[in-house]
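Please read the structure below before turning to the comments.
2 protein chains.
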Amino acid sequence: METLANIRIVLVHPVYGGNVGSACRAMMNMGLSQLALVAPRPGFNMQDAAMMACHAGDIFKNRQEFATTAEAVAGCGLVAGTSNRGGLYRDHAKTPREWAPRLLNAALDTPVALLFGAEDNGLTLDDLALCTQLIRIPSSDAYKSLNLAMSVMICAYELFVAAGAFEPLEERSPECPSAMRETMFAKWRQALLDIGFMTDDTADHMMLGLRRILSRGPLTEKDVQILLGMAAQTQWAAQHIPAKP
Amino acid sequence: METLANIRIVLVHPVYGGNVGSACRAMMNMGLSQLALVAPRPGFNMQDAAMMACHAGDIFKNRQEFATTAEAVAGCGLVAGTSNRGGLYRDHAKTPREWAPRLLNAALDTPVALLFGAEDNGLTLDDLALCTQLIRIPSSDAYKSLNLAMSVMICAYELFVAAGAFEPLEERSPECPSAMRETMFAKWRQALLDIGFMTDDTADHMMLGLRRILSRGPLTEKDVQILLGMAAQTQWAAQHIPAKP
Numbered sequence: 000m001e002t003l004a005n006i007r008i009v010l011v012h013p014v015y016g017g018n019v020g021s022a023c024r025a026m027m028n029m030g031l032s033q034l035a036l037v038a039p040r041p042g043f044n045m046q047d048a049a050m051m052a053c054h055a056g057d058i059f060k061n062r063q064e065f066a067t068t069a070e071a072v073a074g075c076g077l078v079a080g081t082s083n084r085g086g087l088y089r090d091h092a093k094t095p096r097e098w099a100p101r102l103l104n105a106a107l108d109t110p111v112a113l114l115f116g117a118e119d120n121g122l123t124l125d126d127l128a129l130c131t132q133l134i135r136i137p138s139s140d141a142y143k144s145l146n147l148a149m150s151v152m153i154c155a156y157e158l159f160v161a162a163g164a165f166e167p168l169e170e171r172s173p174e175c176p177s178a179m180r181e182t183m184f185a186k187w188r189q190a191l192l193d194i195g196f197m198t199d200d201t202a203d204h205m206m207l208g209l210r211r212i213l214s215r216g217p218l219t220e221k222d223v224q225i226l227l228g229m230a231a232q233t234q235w236a237a238q239h240i241p242a243k244p
Numbered sequence: 000m001e002t003l004a005n006i007r008i009v010l011v012h013p014v015y016g017g018n019v020g021s022a023c024r025a026m027m028n029m030g031l032s033q034l035a036l037v038a039p040r041p042g043f044n045m046q047d048a049a050m051m052a053c054h055a056g057d058i059f060k061n062r063q064e065f066a067t068t069a070e071a072v073a074g075c076g077l078v079a080g081t082s083n084r085g086g087l088y089r090d091h092a093k094t095p096r097e098w099a100p101r102l103l104n105a106a107l108d109t110p111v112a113l114l115f116g117a118e119d120n121g122l123t124l125d126d127l128a129l130c131t132q133l134i135r136i137p138s139s140d141a142y143k144s145l146n147l148a149m150s151v152m153i154c155a156y157e158l159f160v161a162a163g164a165f166e167p168l169e170e171r172s173p174e175c176p177s178a179m180r181e182t183m184f185a186k187w188r189q190a191l192l193d194i195g196f197m198t199d200d201t202a203d204h205m206m207l208g209l210r211r212i213l214s215r216g217p218l219t220e221k222d223v224q225i226l227l228g229m230a231a232q233t234q235w236a237a238q239h240i241p242a243k244p
């Protein structure tokens, strides 16, 4: 299935080689093949990874490595991040089953990234900010924290099952790559500071709100060009605000 | 959820302690708690199991152990077995998602067993014969074989998700326990041999067919009493068959 081939599993700062190997096997079980690692933690055991990958060793061998999460997802239209915590700007998280059709539809045109955080701490706020979709895997309140490779399996499984019954939307337009989207958000951040809509203290918080609004539906390159233009014009206008006495 | 508490994960002749520990964690993540082991393979590493169970160590500690699969499921109404092979008398296998409501409904009244075979060979034909339901986990043709703990996770996850949206059937009757059902099948096996419906050569094959027919819907104790009576009467009749010259 071509759509599955366009979905990239991104493991951010993984600690245990064995978990990454298990994730490779889970990926191959479910028809995925693209693995990206972001700066594995010191002491990461390559032999454990190869062993646990079992017959999926090629996925591990063919992995890409990146220094930062932003670089790992730079070319990806949709970026979905997993988190099992609630709280601020996470209440729009959905289950893997709910997101699967949206991810498959995007994967027809653009690489799609699925982000998983480190075994101990999960994804950071900076990682989550890069995400257009948040995924919360259903789990029991008695023990919410899933093993890393298990999380990969459940997401991969839902995509594989959904792909079997998948019918793409008729009208579709390619999603904007992450790098261009981030340029736009950086420009808006500065513009909103310039016009005094927010301060340095509140900027991170406010920007998560804007990110959420702009991830409700697809965001194409043309959309982002318009948003870039609006931000530029806003900055131009801000130059005319009289300085405070 | 009470229904989940009534579902027992049965691992038959597991080889690796680590896999059993990972299965315990997956179970607790998904609200399951009953673990049964059937004669772990020599060399099974208890320390690995406890370590990989992580915060689910109590599930491993509270496990039950049995010498045979039949004993492990003797008290269970529904017995569901996982297999990723196709072939004879397995074409009625369904996915974990399809079976989940049936399993939850049975678990309202009776213990339900989910069987998983050893890492190397899976469930034997004898194990599968004990099953009223066959489960086939969807997976890619490129690599069909899932890690043991991963298989447990996917089944547990589907049950957990289904339990959240589960509405029991209005009219329900308790399912017959496995031990009584096996007595009935043994009696029918002898009766069908006695009347010459099958021979020792073909008996295993034919009995799988009968098992399949009688696992299409619920089979209550009263149903099984009737079937026992029919078998007894068939055997009585067989006594009157003239011996071949």
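Chains A and B, in that order, are what the protein sequence lines are. Sequential numbering from 0 applies to the first sequence in numbering that gives the first Met the number 0. Sequential numbering from 0 applies to the second sequence in numbering that gives the first Met the number 0. The C-beta atom is built at its ideal place from N, Cα and C for all residues, glycine as well.
- In the three-state reduction of the DSSP assignment, A:Q224 falls in the helix class, which pools H, G and I.
- Between B:R62 and the set B:G163, B:C53 and B:I8, the nearest pair of CA atoms involves B:I8.
- Runs of the beta strand (DSSP E) lying entirely within the region 48-125 of chain A and spanning at least 3 residues, in chain order: 63-65, 77-81 and 111-115.
- Chain-ordered, the chain A residues with CB closer than 8 Å to the CB of B:A141 read M27 and G30.
- Within the same chain, and ignoring the five residues on either side of A:P39 in sequence, the residues whose Cβ sits closer than 6 Å to its Cβ are P13.
- Judged by DSSP in its simplified three-state form, B:L10 adopts strand.
- Within chain A, the residues S21, R24, A25, N28, M51, C53, A148 and M152 have their CB atoms less than 9 Å from the CB of B:N146, given in chain order.
- The region 134-141 of chain B makes contact with the region 17-36 of chain A; the number of CB pairs closer than 8 Å reaches 3 or more.
- Nearest CB-CB separation between A:S138 and chain B: below the 8 Å threshold.
- Listed along chain A, no residue sits closer than 8 Å to B:Y15 by beta-carbon distance, the nearest being about 11 Å off.
- Ranked by Cα distance from B:K221, the first of B:D200, B:R180 and B:G116 is B:R180.
- Distance from the Cα of B:M45 is smallest, within the candidate group B:K60, B:G116, B:L34 and B:E97, for B:K60.
- For B:L218, the CB contacts under 6 Å within the same chain, skipping 5 residues up- and downstream, are C175 in chain order.
- Residue pairing by DSSP places A:E174 opposite A:T219 in a beta bridge.
- Under the 8 Å criterion on CB atoms, A:V160 is classed as interfacial with respect to chain B.
- Minimum Cα-Cα distance from B:N83 among the listed residues B:M229, B:T201, B:L147 and B:P173 corresponds to B:L147.
- Setting aside the 5 residues that flank it on each side, A:L129 is surrounded in the same chain by T68, A69, V72, V78, G80, L114, S177 and E181, each with a C-beta closer than 8 Å to its C-beta; the list follows chain order.
- A:G74 and A:L36 have their C-alpha atoms roughly 15 Å apart.
- Contact check for A:Q132 and A:W187: beta-carbon distance about 20 Å, past the 8 Å limit, so the pair fails to qualify.
- Per the C-alpha coordinates, the member of A:F184, A:A237 and A:Q224 positioned closest to A:I212 is A:F184.
- Taking 4 residues as the shortest admissible run, the region 127-210 of chain B contains the following complete alpha helix (DSSP H) segments, listed from N- to C-terminal end: 147-163 and 177-193.
- Counting every other CB atom within 10 Å of its CB across the protein chains shown gives B:N18 a total of 16 or more, marking it as buried.
- Burial state of A:N5 is buried, judged by a 10 Å Cβ sphere holding 16 or more other Cβ atoms.
- In this structure the region 147-159 of chain A touches the region 112-126 of chain A; the number of beta carbon pairs closer than 8 Å is three or more.
- Annotated three-state conformation of B:A35 is strand, per DSSP.
- Residue range G16 to N28 is occupied by the alpha helix (DSSP H) that includes B:G17.
- The beta carbon of B:L226 sits closer than 6 Å to the beta carbons of M183 from its chain, once the five residues preceding and following it are set aside; these are given in chain order.
- In this model, A:A230 and A:L145 are separated by some 41 Å (Cα to Cα).
- Using a 10 angstroms sphere on the CB of B:G16, the tally of other CB atoms reaches 16 or more, which defines it as buried.
- For A:Y156, same chain residues with a beta-carbon under 7 Å away, outside a window of 5 residues either side, are M29 in chain order.
- Annotated three-state conformation of A:L3 is helix, per DSSP.
- If you check the CB distance, A:G20 and A:D47 come in under 8 Å.
- In the three-state scheme derived from DSSP, where H, G and I count as helix and E and B as strand, B:Q46 is classed as helix.
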